[in-house]
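Residues in the sequence shown are numbered from 114 upward in steps of one, following the working numbering.
I have placed the structure first, in the form of C-alpha cells, so that the comments after it can refer back to it.
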Amino acid sequence: MGPVLGVTLKGIEAIAIDVEVEITGGLFAIAVVGLPDAAVKEARERVRAALRANGIHLRGRIALNLAPADLPKVGSLLDLPMAVGLAMETGAVSLTKPALFLGELAMDGRLRGTKGAVPAALLARKMGVPLYLPPENACEVSLVKGVNAFAVPDLGALLGHLAGECALPPVLGKGLDLDDPPADPDLCDIKGQAAAKRALEIAAAGHHNLLLVGSPGSGKTMLARALRGILPPLTDEERLETLLVRSTLGLRTRPDRTRPYRIVHHTASTIALCGGGSALKPGEISLAHRGVLFLDEFAEFHRDLLEALRQPLEDGTITVSRASGSVTYPARVLLVCACNPCPCGYWGDPVETCRCPAHVLEKYRNRLSGPILDRIDLHVSVPRLTPEELVCLEGQHGPSSEEIRRKVSLAREIQQERWKKEGFHSNAEIPERLVRTGIRLSRDVRPFMVKAARGMRLSGRGISRVLKVARTVADLRESPEVAVEDVCEALAYRKGGVTGDSA
Ligand SMILES: [Zn+2]
C-alpha cells in the first residue's frame, strides 16, 4: 500500500483506497482507472485547476490508479488524495508515512465539506494513520476519540504542512459536549391526554412500539414528538452510531445528545424508508436509528412498505442489496404509528358523530391488522378534548418531560441489569421463552391472567405482550415483582382495545 490513501464508502463503512500516480512523457492527458464513477472522472478537472492555483502545472501523460480496482468508488471524496498523489509525483512534496486524505476541491484549491468523514475517521484510527479533512467536517470528527486528524482549509496549506513549512492545527478528539435543546413540546405543555402521556412513558421506558388512535386534531403528532423529550440522552457510543449514518449522507447537524426523530409519510418509497437505490443510501429507518420513527396516517401505508419494516424492527438492522453486493445499516428504532379511528375520523368522538357504514368500518379495521401491528405493544386512544376541557385546563398539565425522563432512565437501567446475561436491553426485546421464565409475577397474577385471557379472548402472543408491558409498568415503580395492578394497566393497551378488532 502506498502512502497516499483515500476512502470510498460501503454502507456506513469506509474502505481505504490506494491512490497511485504515474506520469510519463508525451502529450498531456489524464486517465483515471479503477472503476471510478462519473464524479471521480470530473475530479480530474478540479484537481488540475487546484494544483495550478498552487503553482503546480501538470504535463505529460498521467495515469491515476485507484486500487483495489474492483471496488466501486463514489462521489468527490477522492479529490484531495488525487491532488496529493499528483503533487508528490511532480516532486512538490514528499510523504514517507501513509496518511488518509478526504475532501472535494474547489478550482482555487479550497476544500469543501464532504460525506463520509466519520467513517473515514474510524478507519484512520483503526489503521493508525493521520487523517486530513475539510474544516466543515472537523466538528463531527472531533467526537471520534483518539483520532489523529487535521482540518485543511485549502490545498496550499496542506502542501505547506506536508513540506514541513507550516503546521496545520490538529482536530482534537475530545468529544464535544453541547447542551441539549429543551424538550419540544414539553409534556407539561400538552393539555389533558393523561392516558396517552402515560403510554408514552411506558413506551420510552420499555422500548415498546406505540400506536396512537384518535380523531383529526386530537394532538397525535404533538404527542409523538413529545416522546423524544422523555427518552434518555444518547450515550457516547449511540451518538457516534447516529452520526455515522448521517455522515454517510453528508448531513451535518448539531452533534448533541438528542435522539433522532423522523417522520415518514405514506407516500414515501420503499427506498426512502429502508434505503438502497443506485447510489445506495441509508433510509429514514436508519436515520431514526436510536431514536423515534413516526408513521403518520398509518392506515394509508401500503402493505409492501410495512412488510419491508418487519425484519428491521425485529433485528435492529436493515440489509439492502444491489447488483454489486449488499450493505447493512443500523435500524434500531422506537416505532410510533398514528391513525384515525375510522375513515371519517370521528368514531368514538365525544362531540362529532361517526358517519361510517359498518362495512366501511370493518374494511378499515382489517387494513389496520397485519404484521406490523403485531409488533406494536401499546395501542392507545387519543380522544379530542371537549370544549369544556379545552377551556378549563390552564397552566401546567402534569409532570414535565424532564421528570418523566428521569423515571424512564431509571426503569431502563433496571431492565438492562435484569436482561444483561441474555444480551437484551429492554422488556420489549425479550423472546417468548424469557417472558415465561424471566418475569417474576406475584402469586395472584396467574389466576387473574387466566380469567382475563378467557374474557378478552387473548391469544398466546397477546398474553406475552401484556406481560412484557406489565413488566415495564412494574419497573417504572421499581418493583421486582409484577402485580395484578400492573397487568390491569397493561391490558388497557392491548391490541384491539382501541381499534375494536380482536387481540
Ligand atoms: Zn367514522
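Positions of the beta carbon are idealized from the N, C-alpha and C atoms, including for glycine.
None of the values given here were measured: they were computed from a predicted structure.
(message) Please tell me whether, using a cut-off of 8 Å, the distance from the CB of residue 459 to the nearest non-hydrogen atom of ligand 1 is below it.
(response) Sequence index remark: in the sequence shown, residue 459 carries index 346 (1-based). Checking the Cβ of residue 459 against ligand 1 gives yes.
(request) Could you check what DSSP says for residue 214 in three-state terms: helix, strand or coil? (result) Here residue 214 is taken as the residue at index 101 of the sequence shown, counted from 1. It is a strand residue.
(message) To the nearest angstrom, how far is the alpha carbon of residue 543 from that of residue 313?
(response) By 1-based counting over the sequence shown, the position of residue 543 is 430. By 1-based counting over the sequence shown, the position of residue 313 is 200. Distance between the alpha carbons of residue 543 and residue 313 is about 20 Å.
(message) Taking 6 Å as the limit between beta carbons, can you name the residues of its chain near residue 254, skipping five residues before and five after?
(response) For this step, residue 254 is matched to residue 141 along the sequence shown. So the qualifying residues of the chain are 230, 234, 262, 284.
(message) By the three-class DSSP mapping on this structure, what secondary structure does residue 399 have?
(response) As a first step, residue 399 is located in the sequence shown; it is residue number 286 there, counting from the start. Residue state, collapsed to three classes: helix.
(message) Here's a check: name, in chain order, each residue in its chain whose Cβ is nearer than 8 Å to the Cβ of residue 493, leaving out the five neighbours to either side.
(response) Your numbering for residue 493 matches position 380 in the sequence shown. So the qualifying residues of the chain are 308, 309, 312, 323, 324, 325, 326, 606, 611.
(request) Sort 579, 501, 395, 276 by Cα distance to residue 552 and report the nearest one. (result) As a position in the sequence shown, residue 552 is number 439, starting the count at 1. Closest by alpha carbon: 579.
(request) Have a look at 530, 602, 518, 563 and flag the residue whose alpha-carbon is nearest the alpha-carbon of residue 318. (result) For the purposes of this step, residue 318 is taken as the residue at position 205 of the sequence shown. If we check each option's Cα against that of residue 318, 518 comes out closest.
(message) With a threshold of 8 Å, are at least 3 pairs of Cβ atoms found where one atom belongs to the stretch 119 to 139 and the other to the stretch 178 to 188?
(response) yes
(request) Let me know the alpha helix (DSSP H) ranges lying completely inside the stretch 186 to 255, each 4 residues or longer, listed in chain order. (result) 192 to 202, 230 to 240, 251 to 254
(request) In angstroms with no decimal places, state the Cα-to-Cα distance between residue 142 and residue 176. (result) Position 29 of the sequence shown, counted from the start, is the residue given in the question as residue 142. Position 63 of the sequence shown, counted from the start, is the residue given in the question as residue 176. Straight-line Cα distance between these residues: approximately 8 Å.
(request) Would you check if the distance between the CB atom of residue 115 and the CB atom of residue 214 is smaller than 9 Å? (result) Here residue 115 refers to the residue found at position 2 of the sequence shown. Here residue 214 refers to the residue found at position 101 of the sequence shown. No, they are not a contact pair.
(message) I'd like the span of the beta strand (DSSP E) that includes residue 178, first residue to last.
(response) For the purposes of this step, residue 178 is taken as residue 65 along the sequence shown, with counting starting at 1. Where residue 178 is concerned, the enclosing beta strand (DSSP E) stretches over 174 to 180.
(request) Could you work out which residue in 444, 369, 531 is closest to residue 294 when comparing CA atoms only? (result) As a first step, residue 294 is located in the sequence shown; it is residue number 181 there, counting from the start. The shortest C-alpha separation from residue 294 is found at 369.
(request) Examine ligand 1 and report whether any of its heavy atoms sits within less than 8 Å of the Cβ of residue 450. (result) Here residue 450 refers to the residue found at position 337 of the sequence shown. The answer is no for residue 450.
(request) Answer with buried or exposed for residue 338, where buried requires no fewer than 16 other C-beta atoms within 10 angstroms of its C-beta. (result) The residue given as residue 338 occupies position 225 in the sequence shown. Residue 338 comes out buried.
(message) Please tell me whether residue 510 and residue 301 are closer than 9 Å, where the distance is taken between their beta carbons.
(response) Position 397 of the sequence shown, counting from 1, holds the residue named residue 510. Position 188 of the sequence shown, counting from 1, holds the residue named residue 301. Cβ distance < 9 Å, so residue 510 and residue 301 count as in contact.
(message) What does the alpha-carbon distance come out to for the pair residue 154 and residue 145?
(response) The residue you call residue 154 lines up with position 41 of the sequence shown. The residue you call residue 145 lines up with position 32 of the sequence shown. Cα to Cα, the separation comes out at about 7 Å.
(message) Which residue marks the beginning of the alpha helix (DSSP H) containing residue 476, and which one marks its end?
(response) To locate residue 476, count along the sequence shown from 1; it is residue 363. From DSSP, the alpha helix (DSSP H) with residue 476 extends over 471 to 481.
(request) Compare the beta carbon distance of residue 126 and residue 244 with 9 Å and say whether it is the shorter of the two. (result) Indexing the sequence shown from 1 puts residue 126 at position 13. Indexing the sequence shown from 1 puts residue 244 at position 131. Contact: no.
(message) Please report the distance separating the alpha-carbon of residue 399 from that of residue 156.
(response) Within the sequence shown, the letter at position 286 stands for residue 399. Within the sequence shown, the letter at position 43 stands for residue 156. If you take the alpha carbons of residue 399 and residue 156, they lie about 30 Å apart.
(message) Output needed for residue 597: all residues of its chain with C-beta closer than 8 Å, excluding positions within five of it in sequence on either side, in chain order.
(response) Residue mapping note: residue 597 aligns to position 484 of the sequence shown, counting from 1. Once the five neighbours on either side are set aside, the close Cβ partners of residue 597 are 555, 557, 558, 561.
(message) Here's the rule: buried if 16 or more other CB atoms are within 10 angstroms of the residue's CB, otherwise exposed. What is residue 343?
(response) The sequence position of residue 343 within the sequence shown is 230, counting from 1. Buried: at least 16 other Cβ atoms inside 10 Å.
(request) At 3 residues or longer, and completely inside the stretch 525 to 565: list those beta strand (DSSP E) runs for me, N to C. (result) none
(message) Given the structure, does residue 300 come close to ligand 3, in the sense that its CB is under 8 Å from one of the ligand's heavy atoms?
(response) In the structure shown, ligand 3 is absent; the only ligands present are ligand 1.
(message) For ligand 1, I want to know if residue 468 counts as a neighbour, meaning its beta carbon is within less than 8 Å of at least one of the ligand's heavy atoms.
(response) In the sequence shown, the residue the question calls residue 468 occupies position 355. Indeed, a heavy atom of ligand 1 lies less than 8 Å from the Cβ.
(request) Can you have a look at residue 227 and say buried or exposed, based on whether 16 or more other CB atoms are within 10 angstroms of its CB? (result) In the sequence shown, the residue the question calls residue 227 occupies position 114. Classification for residue 227: buried.
(request) Would you mind sorting residue 503 into buried or exposed? The rule is 16 or more other CB atoms within 10 Å of its CB. (result) Counting from one through the sequence shown, the residue named residue 503 turns up at place 390. So residue 503 counts as exposed.
(message) For a test of the three-state rule: what should DSSP assign to residue 603, helix, strand or coil?
(response) Reading the sequence shown from its first residue, position 490 is the one you call residue 603. Looking at residue 603 - three-state DSSP - the assignment turns out to be helix.
(message) Going by DSSP in three states, residue 257 sits in which element: helix, strand or coil?
(response) As a working note, residue 257 is residue 144 in the sequence shown. In this structure, residue 257 counts as coil in the three-state DSSP scheme.
(message) As a quick exercise: from 345, 352, 431, 225, pick the residue whose alpha carbon is nearest that of residue 619.
(response) Shown here, the chain extends from 114 to 616; a query on residue 619 therefore has no answer.
(request) From the DSSP output, read off the bridge partner residues of residue 371. (result) In the sequence shown, the residue the question calls residue 371 occupies position 258. Answer by DSSP bridge pairing: none, since residue 371 is not bridged.
(message) Alpha carbons only, please: which of 256, 528, 410, 576 is nearest the one belonging to residue 354?
(response) Along the sequence shown, one-based indexing puts residue 354 at 241. Considering only alpha carbons, the answer is 256.
(message) Considering only the alpha carbon of each residue, which of 586, 488, 330 lies closest to residue 410?
(response) Taking the sequence shown and counting its residues from 1, the one referred to as residue 410 is at position 297. The shortest Cα separation from residue 410 among 586, 488, 330 belongs to 330.
(message) Once the 5 residues before and after residue 427 are set aside, which same chain residues still bring their CB inside 8 Å of it?
(response) Counting from 1 along the sequence shown, the entry for residue 427 is found at position 314. For residue 427, where only same-chain residues beyond five positions count, the Cβ hits under 8 Å are 488.
(request) For residue 193, verify whether its CB is less than 8 Å away from any heavy atom of ligand 1. (result) Counting from 1 along the sequence shown, the entry for residue 193 is found at position 80. Residue 193 Cβ: outside cutoff for every heavy atom of ligand 1.
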